[in-house]
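Residues are numbered in this note's numbering as their position in the sequence shown, beginning at 1, plus a constant of 4.
Don't be surprised by glycine CBs; every beta carbon is placed ideally from N, CA and C.
Below is one structure; the comments refer to it alone.
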Amino acid sequence: IRKVNNNAMLWLQMFSEQESIVRNTFFHHKMKHKTTCILSISKQGNMIDFVLTRKADLQDLCGFRVLRGADCDTDHKVVRAKFKFRVR
C-alpha cells in the first residue's frame, strides 16, 4: 500500500461512515463514452474517474456516461450519473 496523505485518510473515513460505494462506467456504452482520461502520449483512454454514492441508493442507479464535450481545462472528462428518484 502506498502512503496516503491526510485528505485521503479523511475521505476514507467519510466513505466508511456514510456506507458509500465507488462506481465506475461499467454500463454498456461505446468505449468513447466510458473513458474518462486520455493519455497524451499514447492517446489511449482510461477509466480512472469514479462516482461515490450511498449503498442505499445503488438500486436507483440507472447509469453513468462520460460527457466528452465538456471543456474543463483538464485532460479528464466529466462523469454524469443518472438515478431514479422516488418520493418517500
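DSSP three-state assignment for residue i, whether helix, strand or coil
i	result
Lys59	helix
Phe3	Residue 3 falls outside the range modelled here, since the chain spans only 5 to 92, and no answer is possible.
Per-residue burial, residue i [other beta carbons within 10 Å of its own, 16 or more giving buried]
i	result
Phe68	buried
Val83	buried
Lys70	Before going further, note that residue 70 is Val rather than Lys in the sequence given. The residue in question, Val70, is buried, as its Cβ has 16 or more Cβ neighbours within 10 Å.
Cβ separation of residue i and residue j, assumed to be a contact under 8 Å, to the nearest whole Å
i	j	result
Leu56	Ser24	5 Å
Endpoints, beta strand (DSSP E) assigned at residue i
i	result
Arg137	The requested residue 137 does not occur in the structure, where the chain is confined to residues 5 to 92.
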